[in-house]
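Residue 66 is where the sequence shown starts when you use the numbering used here, and the numbers rise one by one after that.
Here a beta-carbon is modelled for each residue, glycine too, at the ideal position from N, C-alpha and C.
If you're wondering where the values come from, they're calculated on a predicted model, not measured in any experiment.
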Amino acid sequence: MDTEASARSVSVEILIHFDEHNILDYSVANKLDARGRAEVREYVQNILRRRSYLDFLIDEFSNVQIGEMKPVLKNILRLGIYDMIFMDSTPDYAAINESVEIAKLKLGSRTGDLTNAIMRNLQRDIENLPKPSFEDRTKLVATTFSHPEWLVERWTRRFGEREAFQLMQANNQRPTYYVRANNLRTKTKNFKLRMTKKDIPFTESEWLPGYFQVDSVAPFITKGWLDKGFCQIQDIAAGFAPFLLDPEPGEEIYDLCAAPGTKSILMSDLMNAEGSILAVDISSERLDRLAESALSYHAENIRVRRADVTELTLDEADGVLLDAPCTGTGVLSKRADLRWRRDEESLRNAVELQKELLDSAARMVKKGGRLVYSTCSLEEEENMEQVMNFLDRHEHFELQTVEGYVPDEVMVDGGFGYQTFPHKHNCDGHFGVLLKRVE
């Protein structure tokens with residue numbers, strides 16, 4: 066097979082593994098070149114963004130219902146049908162032939178014939194494809210927008226059907242990407258010149274200094290600018306929490322649950338690498354990568370420590386950032402797999418863990434010090450409800466205004482928090498608050 070076909074075959078392997086183990090592992094794509102690896106990520110994420118709808122089409126054009134199919138066949142068909150419907154650059158015959166070849170290779174000639182029959186059935190009606198028409202409204206919406214039913218119910222109840230549709234549509238679009246100039250290695254104005262000279266289109270953000278919206282992160286990777294520490298790939302909403310903590314040169318800062326470290330590096334930039342940042346995470350592997358990144362970015366004031374934050378005892382610091390593990394419902398455009406890995410139990414577990422982490426973080430803040438709590442979730446239980454419950458337990462903390470730190474249009478709760486939404490703000494969904502320890 067050529068590179069494109071290999072990317073398809075590897076994508077199927079990754080999707081099968083995800084179905085069987087609920088883990089998205091791209092390591093099998095390492096055998097491909099850079100272009101092939103990029104194609105695999107595009108295939109996998111786009112198929113996961115549309116999985117329910119693709120499954121509906123498979124059921125419509127197959128005599129074998131998808132519930133009776135093995136994960137191998139399901140994902141061969143998902144990929145092939147995605148190619149036919151959504152990839153203008155792929156001719157129908159190529160999508161069909163490659164899918165049939167993969168099916169024969171993995172499951173034998175009879176399954177190859179079945180794959181061919183299903184896809185040719187669909188091809189004949191491709192100009193007039195059926196639409197989901199279930200009587201159950203939740204199932205209809207979940208299938209149309211490829212989101213789990215529990216999340217459809219929650220968002221429809223909270224936002225109303227129209228806005229919930231807009232949010233789900235945003236989650237199914239190609240995500241917006243931002244890069245941030247790292248002033249420890251270059252200057253923002255020089256970085257802009259660098260992009261201009263290389264004919265890289267960009268739009269400078271008015272929200273935070275040094276952030277640029279770009280069409281693709283590929284040029285920054287291929288030119289080695291990430292490895293050289295000139296810039297980071299970081300959604301602008303993820304930058305709000307470090308700016309809200311407002312670390313100053315010479316301060317002692319803790320970044321809890323820090324990996325992969327983009328917030329630690331941003332804070333080092335804000336501090337001119339003066340003072341100290343302790344980046345704590347439970348994963349030694351991810352901390353190793355964080356430490357390597359800190360060297361590349363000249364973030365020389367970052368130290369790393371492997372620990373479970375809930376069991377950690379540290380001296381009190383001037384500022385603590387807790388970007389807590391969460392359901393990730395604000396980043397479903399970039400992490401389409403999360404919509405299929407989360408459920409209501411996941412939400413309850415996340416809320417309980419966040420409570421423990423917040424209680425631990427509170428013990429690490431000196432009198433007069435700051436604690437920023439943030440998530441990439443849209444769920445109220447993980448966000449302001451979590452914060453209000455924390456304040457009930459910790460009378461020596463007070464909620465502070467976020468005015469002046471974040472744009473007015475993302476402020477919520479009377480200016481005492483921020484929340485971004487993909488369908489409103491053209492970025493990931495993030496939440497955060499600033500807490501101060503008082504006497």
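For residue 174, count the other beta carbons within 10 Å of its own beta carbon; 16 or more makes it buried, fewer makes it exposed. Which is it? Here residue 174 refers to the residue found at position 109 of the sequence shown. Flag for residue 174 reads exposed.
Residue 344 - partner residues in DSSP beta bridges: The residue you call residue 344 lines up with position 279 of the sequence shown. 320, 369.
With DSSP as the reference, identify every bridge partner of residue 462, one or two as the case may be. One-based indexing of the sequence shown puts residue 462 at position 397. Partner(s): 502.
Close Cβ partners of residue 439 (< 6 Å) along its chain, the five nearest in sequence each way excluded: Taking the first residue of the sequence shown as position 1, residue 439 is located at position 374. Excluding positions up to five away in sequence, the list reads 306, 388, 497.
Which residue's Cα is closest to the Cα of residue 324: 358, 112, 335, 336? Locating residue 324 in the sequence shown gives position 259, where the first residue counts as 1. Minimum Cα distance to residue 324 is reached at 358.
Around the Cβ of residue 360, are there at least 16 other Cβ atoms within 10 angstroms (buried) or fewer (exposed)? Looking up residue 360 in the sequence shown gives position 295. Per the 10 Å Cβ criterion, exposed.
Check this for me: beta carbons of residue 449 and residue 479, under 8 Å apart or not? Residue mapping note: residue 449 aligns to position 384 of the sequence shown, counting from 1. Residue mapping note: residue 479 aligns to position 414 of the sequence shown, counting from 1. Not in contact: residue 449 and residue 479 (Cβ atoms no closer than 8 Å).
What are the start and end residues of the beta strand (DSSP E) that includes residue 387? Translated into positions along the sequence shown, residue 387 becomes position 322. Taken as a continuous stretch (DSSP letters only), the beta strand (DSSP E) holding residue 387 covers 382–388.
Close Cβ partners of residue 492 (< 7 Å) along its chain, the five nearest in sequence each way excluded: For this step, residue 492 is matched to residue 427 along the sequence shown. Excluding positions up to five away in sequence, the list reads 241, 300, 301, 302, 485.
For residue 72, which residues from the same chain have a beta carbon less than 7 Å from its beta carbon, with the 5 sequence-adjacent residues on both sides left out? Locating residue 72 in the sequence shown gives position 7, where the first residue counts as 1. The answer, listed in chain order, is 97, 101, 104, 105, 108.
Note down the Cα distance separating residue 296 from residue 327, rounded to an integer number of angstroms. As a first step, residue 296 must be located in the sequence shown, where it is residue number 231. As a first step, residue 327 must be located in the sequence shown, where it is residue number 262. Straight-line Cα distance between these residues: approximately 10 Å.
For residue 130, which three-state DSSP category applies? For this step, residue 130 is matched to residue 65 along the sequence shown. If DSSP states are grouped into helix, strand and coil, residue 130 belongs with coil.
Own chain partners of residue 336 with C-beta closer than 6 Å, once the 5 adjacent residues on each side are dropped: Taking the sequence shown and counting its residues from 1, the one referred to as residue 336 is at position 271. Here the set comprises 312, 314.
First and last residue of the alpha helix (DSSP H) that includes residue 138? Position 73 of the sequence shown, counting from 1, holds the residue named residue 138. Unbroken alpha helix (DSSP H) run through residue 138: 136–151.
For residue 235, count the other beta carbons within 10 Å of its own beta carbon; 16 or more makes it buried, fewer makes it exposed. Which is it? To locate residue 235, count along the sequence shown from 1; it is residue 170. Buried: at least 16 other Cβ atoms inside 10 Å.
On the three-pair Cβ rule with 8 Å, is the stretch 184–194 touching the stretch 156–173? yes
Alpha carbon to alpha carbon, how far is residue 126 from residue 142? Taking the sequence shown and counting its residues from 1, one reaches residue 126 at position 61. Taking the sequence shown and counting its residues from 1, one reaches residue 142 at position 77. In a straight line, the C-alpha of residue 126 is about 11 Å away from that of residue 142.
Let's test the definition: count the other Cβ atoms within 10 Å of the Cβ of residue 397 and tell me whether it reaches 16, buried, or not, exposed. Here residue 397 is taken as the residue at index 332 of the sequence shown, counted from 1. That one is buried.
Any alpha helix (DSSP H) of 4 or more consecutive residues that is wholly inside the stretch 167–192: 174–189
Is it buried or exposed, residue 369, if we count other Cβ atoms within 10 angstroms and call 16 or more buried? Mapped onto the sequence shown, residue 369 falls at position 304. So residue 369 counts as buried.
Coarse secondary structure for residue 278, derived from DSSP in three states: Working through the sequence shown from its first residue, we reach residue 278 at position 213. DSSP places residue 278 in strand when its eight states are reduced to three.
Can you give me the Cβ contacts of residue 489 inside the same chain, cut-off strictly under 6 Å, excluding the 5 residues immediately before and after it? Position 424 of the sequence shown, counted from the start, is the residue given in the question as residue 489. Within the same chain, residue 489 has no close Cβ partners at all.
Confirm, please, whether the CB-CB distance from residue 172 to residue 146 is below 8 Å. On the sequence shown, residue 146 is found 81 positions in, with the first residue counted as 1. On the sequence shown, residue 172 is found 107 positions in, with the first residue counted as 1. Not a contact, by the Cβ cut-off of 8 Å.
Where the alpha helix (DSSP H) containing residue 273 begins and where it ends: Numbered from its first residue, the sequence shown carries residue 273 at position 208. Where residue 273 is concerned, there is no enclosing alpha helix (DSSP H), given that its DSSP letter is neither H nor E.
Residues in the same chain with beta-carbon distance under 6 Å from residue 161, minus the five sequence neighbours each way, listed in chain order, please. Sequence index remark: in the sequence shown, residue 161 carries index 96 (1-based). Correct list, in chain order: 184.
What do you get for residue 129, buried or exposed, if any count of 16 or more other CB atoms within 10 angstroms of its CB means buried? What you label residue 129 is simply residue 64 of the sequence shown in a count that begins at 1. So residue 129 counts as exposed.
For the beta strand (DSSP E) containing residue 432, name the first residue and the last one. In the sequence shown, counting from the first residue as 1, residue 432 sits at position 367. Per DSSP, residue 432 belongs to the beta strand (DSSP E) from 430–440.
Pull the bridge partners of residue 267 from the DSSP assignment, please. Counting from one through the sequence shown, the residue named residue 267 turns up at place 202. DSSP output for residue 267 lists 279 as bridge partner(s).
Between 94, 114, 117, 136, which lies nearest to residue 82 when the distance is taken from Cα to Cα? Here residue 82 refers to the residue found at position 17 when the sequence shown is read from its first residue. Among 94, 114, 117, 136, the Cα nearest to that of residue 82 belongs to 136.
Given the structure, does residue 173 come close to the ligand FAD, in the sense that its CB is under 7 Å from one of the ligand's heavy atoms? Of ligands this structure carries none, so the ligand FAD is not represented either.
In three-state terms, what does DSSP make of residue 477? One-based indexing of the sequence shown puts residue 477 at position 412. Strand at residue 477.
State buried or exposed for residue 238, treating a residue as buried only when at least 16 other CB atoms are found within 10 Å of its CB. Residue numbering aside, residue 238 sits at position 173 when the sequence shown is read from its first letter. By the 10 Å Cβ count, residue 238 comes out exposed.
Is it buried or exposed for residue 111, if we count other Cβ within 10 angstroms and need 16 for buried? Within the sequence shown, the letter at position 46 stands for residue 111. The residue is buried, with at least 16 neighbouring Cβ atoms inside 10 Å.
Which residue's Cα is closest to the Cα of residue 279: 77, 260, 293, 294? In the sequence shown, counting from the first residue as 1, residue 279 sits at position 214. Per the Cα distances, 260.
Closer than 7 Å by C-beta to residue 444: which residues in its own chain qualify, once you throw out the five before and the five after it? Chain order, please. Position 379 of the sequence shown, counted from the start, is the residue given in the question as residue 444. Counting only Cβ-Cβ distances below 7 Å, and skipping sequence neighbours, we find 392, 394, 412.
Using the rule of at least 16 other Cβ atoms within 10 Å of the residue's Cβ for burial, across every protein chain shown, is residue 415 buried or exposed? Taking the sequence shown and counting its residues from 1, one reaches residue 415 at position 350. Classification for residue 415: buried.
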